[in-house]
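For the sequence shown, position 130 (counting from the first letter as 1) is numbered 130 according to the UniProt record's numbering, and the numbering increases by one without interruption. Even glycine gets a Cβ: it sits at the ideal position worked out from N, Cα and C. What follows is one structure encoded as structure tokens, with my remarks underneath.
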Amino acid sequence: MENAYQRKKEPELVRQRILDSAMQLAAEKGVTGVSIQAVATMAGITKGGVFHHFANKHILIEAMLNLILSQLDQEVESVIASDPVKYGCFTRAYIELTLTSEAFGVHSLWGALSMIMVTEKSFSDLWNRWLEMRLSLHATTDGDIHLKILRYAADGAWFIERLDPKKQANFIEMKEELIQRSYPER
């Protein structure tokens with residue numbers, strides 16, 4: 001480890017390393033695997049360095065989840081921007097990102113971290129506020145009960161896959177069917 005007095009101070013880079021380390025630990029071990037010491041070790045800094053940026057574990061995890069939700073917002077906007085049909089555009093983006101095994105899908109960092117929001121009540125409020133905000137933004141295009149049912153179906157499929165990953169073979173077909181059902185009837 002470099003001498004702290006000689007090393008150039010880069011607080012934003014250090015903060016990002018801390019968040020990246022916390023995300024990796026959460027993905028590998030769940031929220032219980034995120035300790036201040038483990039994060040400090042992985043980030044290559046002292047525990048004091050972690051405490052300088054985050055007063056406690058709860059604040060660290062909340063910052064990590066806020067960062068993920070911000071990234072999710074960007075992904076949602078990207079999918080919506082490429083969708084030529086307004087009706088159901090958020091629902092299609094939601095299904096796409098929920099049931100895709102890439103950046104935010106079932107076997108990703110997002111997939112692992114979203115379990116924190118499902119299992120930890122204090123953090124599930126972050127998810128609920130994010131989802132309510134998105135649904136409010138898309139009330140005119142995605143307020144239909146039919147679309148709500150499709151989003152719930154995607155949530156259920158995601159959860160079942162988390163319990164039994166062998167069922168992922170059906171995911172592509174299921175995702176395509178849910179997306180197809182989100183278009184207006186012709």
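Subject >> Whole-angstrom distance between Gly30 and Asp20, CA atom to CA atom >> reply: 14 Å
Original post:
In the region 111 to 140, which residue ranges form an unbroken alpha helix (DSSP H) of at least 4 residues, counting only runs that do not cross its ends?
Top reply: Whole alpha helix (DSSP H) segments, 4+ residues: 121 to 137.
Original post:
With distances taken from CA atoms, which of Thr141, Glu132, Asn66 is nearest Pro84?
Top reply: Thr141
Original post:
Hey, is the region 54 to 64 in contact with the region 121 to 132, meaning 3+ C-beta pairs nearer than 8 Å?
Top reply: yes
Subject >> Whole-angstrom distance between Thr32 and Lys47, CA atom to CA atom >> reply: 17 Å
Original post:
Just how far apart, CA to CA, sit Arg15 and Phe54?
Top reply: 9 Å
Original post:
Nearest CA to the CA of Thr98: which residue from Gln74, Ser114, Leu25, Ser78?
Top reply: Checking every option, the nearest Cα to that of Thr98 belongs to Ser114.
**OP:** Please confirm whether any heavy atom of the ligand ADP lies closer than 6 Å to the CB of Tyr94.
**Re:** Looking at this structure, you won't find the ligand ADP or any other ligand, since it has none at all.
**OP:** For His146, collect the residues of the same chain with a Cβ closer than 6 Å to its Cβ; drop the 5 residues on either side in sequence, then sort them by chain order.
**Re:** none
Original post:
Per DSSP, what kind of secondary structure is Phe159 in: helix, strand or coil?
Top reply: It is helical.
Subject >> Among Thr91, Trp158, Ile45, the one whose alpha carbon lies nearest that of Val118 >> reply: Trp158
Original post:
Do Leu25 and Ala38 come within 7 Å of each other at the CB atom, strictly closer than that value?
Top reply: yes
Original post:
Where do the N-terminal and C-terminal ends of the alpha helix (DSSP H) with Tyr94 fall, by residue?
Top reply: 89 to 98
Original post:
To the nearest whole angstrom, what separates the beta carbons of Ile95 and Leu131, a pair I think is in contact under 8 Å?
Top reply: Wrong, their Cβ atoms sit about 14 Å apart, outside the cutoff.
**OP:** Alpha carbon to alpha carbon, how far is Ala93 from Glu176? Give it in angstroms, no decimals.
**Re:** In a straight line, the C-alpha of Glu176 is about 12 Å away from that of Ala93.
**OP:** Could you tell me the distance, in whole angstroms, from the CA atom of Ala139 to the CA atom of Arg129?
**Re:** 15 Å
**OP:** Please classify Val85: does DSSP put it in a helix, a strand, or coil?
**Re:** DSSP places Val85 in the coil class of the three-state scheme, outside both helix and strand.
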